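The numbers in this note's numbering rise by one with no breaks, and the one at position 68 of the sequence shown is 89.
Where a beta carbon is used, it is the ideal one built from N, C-alpha and C, also for glycine.
Just so it is clear, the structure is predicted and the values come from calculations on it, not from any experiment.
Contents: one structure, followed by commentary.
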Amino acid sequence: MADRPHSAPPDSEGQAPWDHVVRMWDLAVARQASAVEGALYEADVEADGGPACIAGRWTEIYRRTDDGWRMLSVGGGPDRKR
């Protein structure tokens, strides 16, 4: 089991049809039993109308169980659609 409930995705260069940047901006762990994590992201993607850059943020809430970290909630999305 990892010490953290989540980690930033690995570098996807050559592995996916987009380029992305993920900046973790907050991780709070309460009594090693629950965690709230926030991240900002930017990605260059191929959309129907051609290339586009999207940016957004998300928050994840976890609870530690005997089996590891369990995600309770995730929210967020592109900035202009939240």
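Continuous beta strand (DSSP E) stretch holding R85: start and end: Reading the sequence shown from its first residue, position 64 is the one you call residue 85. Taken as a continuous stretch (DSSP letters only), the beta strand (DSSP E) holding R85 covers G71 to T86.
Pick helix, strand or coil for R52, following the three-state DSSP scheme. Position 31 of the sequence shown, counted from the first residue, corresponds to residue 52. Residue state, collapsed to three classes: coil.
Taking only the alpha-carbon atoms, compute the straight-line gap between A60 and T86 and give it to the nearest angstrom. Here residue 60 is taken as the residue at index 39 of the sequence shown, counted from 1. Here residue 86 is taken as the residue at index 65 of the sequence shown, counted from 1. Rounded to the nearest angstrom, the two C-alpha atoms are 23 Å apart.
Beta bridge counterpart(s) of R91 as assigned by DSSP: Locating residue 91 in the sequence shown gives position 70, where the first residue counts as 1. R84, per the DSSP bridge assignment.
Does DSSP put M22 in a helix, a strand or coil? Against the sequence shown, residue 22 aligns to sequence position 1. No answer about M22 holds up, because its pLDDT of 37 lies below 50 and its placement is not dependable.
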